[in-house]
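Novice: Residue numbers (the working numbering): 4 to 132.
All C-beta atoms in this analysis are idealised placements derived from N, C-alpha and C, irrespective of residue type, glycine included.
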Amino acid sequence: ALLPADITAIGGLTMGADPVAFGIAAIAATRGRSLRSFSVRKETKDHGVTGRIAGALQPGDKVAIVEDTVTRGTSIFEAVEVVRAFGAHPVFITVIVDRGGTCAELARVANIAYEPMLTAPELGYDYNT
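What follows is the structure, given as structure tokens:
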């Protein structure tokens, strides 16, 4: 399994993370695993459901942060900070394609496990092309 067993929620910065998080949560449900899914809004919403978190994330959750592609890691680590501020714990990061090759080091420094599904070199491309 790609996700560690202790993960209770999955999400990331909207829009790139949304289909990844919701798709993984849906597939996990068909296999008997319940994951709360959520999105991190790009800006705080001040009406309706307020704040930057939309969805089922709860304080204390162990979170997988996801994204479709990553080059520098900016969106991923923005989501990490918002999730931490909410009171949940990012413990794993995955992306469909790592295009930049820098996110692994950022994750290591942040003490978060990182496992891309694919890397640019695995697809026959140099990083950042």
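Would a C-beta distance cut-off of 8 angstroms place isoleucine 13 and serine 40 closer than the cut-off?
Specialist: Sequence index remark: in the sequence shown, residue 13 carries index 10 (1-based). Sequence index remark: in the sequence shown, residue 40 carries index 37 (1-based). In this structure, serine 40 lies closer than 8 angstroms to isoleucine 13 by Cβ.
Novice: According to the neighbour-count rule (16 or more other Cβ atoms, all chains shown, within 10 Å of its Cβ), is arginine 55 buried or exposed?
Specialist: As a first step, residue 55 must be located in the sequence shown, where it is residue number 52. Buried: at least 16 other Cβ atoms inside 10 Å.
Novice: What's the gap between the Cα of methionine 120 and the Cα of valine 112?
Specialist: The residue given as residue 120 occupies position 117 in the sequence shown. The residue given as residue 112 occupies position 109 in the sequence shown. Rounded to the nearest angstrom, the two C-alpha atoms are 20 angstroms apart.
Novice: So what's isoleucine 68 in DSSP terms, helix, strand or just coil?
Specialist: By 1-based counting over the sequence shown, the position of residue 68 is 65. It is a strand residue.
Novice: If you draw a straight line from the C-alpha of alanine 8 to the C-alpha of leucine 38, how long is it?
Specialist: Sequence index remark: in the sequence shown, residue 8 carries index 5 (1-based). Sequence index remark: in the sequence shown, residue 38 carries index 35 (1-based). Going from the Cα of alanine 8 to the Cα of leucine 38 covers about 11 angstroms.
Novice: Can you look up glycine 26 in the DSSP assignment and give me helix, strand or coil?
Specialist: For the purposes of this step, residue 26 is taken as residue 23 along the sequence shown, with counting starting at 1. DSSP places glycine 26 in helix when its eight states are reduced to three.
Novice: Which residues mark the beginning and the end of the beta strand (DSSP E) in which arginine 55 is found?
Specialist: Against the sequence shown, residue 55 aligns to sequence position 52. Here the beta strand (DSSP E) through arginine 55 covers 54 to 58.
Novice: Where lysine 65 and threonine 11 are concerned, what is the direct C-alpha to C-alpha distance, given to the nearest angstrom?
Specialist: Residue numbering aside, residue 65 sits at position 62 when the sequence shown is read from its first letter. Residue numbering aside, residue 11 sits at position 8 when the sequence shown is read from its first letter. About 5 angstroms.
Novice: Measure the C-alpha to C-alpha separation of glutamate 108 and threonine 53 and round it to an integer number of angstroms.
Specialist: The count along the sequence shown starts at 1 and reaches residue 108 at position 105. The count along the sequence shown starts at 1 and reaches residue 53 at position 50. Going by the C-alpha atoms only, they are around 33 angstroms apart.
Novice: If you run the structure through DSSP and keep just helix, strand and coil, what is leucine 109?
Specialist: Here residue 109 refers to the residue found at position 106 of the sequence shown. Leucine 109 falls in the helix class under three-state DSSP.
Novice: Which same chain residues, not among the five before or five after alanine 57, have their C-beta less than 7 angstroms away from its C-beta?
Specialist: Locating residue 57 in the sequence shown gives position 54, where the first residue counts as 1. Closer than 7 angstroms at Cβ, skipping near neighbours: Phe41, Ser42, Arg44.
Novice: Between asparagine 114 and the ligand MG, is the CB less than 7 angstroms from at least one heavy atom?
Specialist: Within the structure as shown, the ligand MG is missing, as the structure has no ligands at all.
Novice: Alpha carbon to alpha carbon, how far is glycine 51 from aspartate 101? Give it in angstroms, no decimals.
Specialist: On the sequence shown, position 98 is the one that residue 101 refers to. On the sequence shown, position 48 is the one that residue 51 refers to. The C-alpha of aspartate 101 lies about 35 angstroms from the C-alpha of glycine 51.
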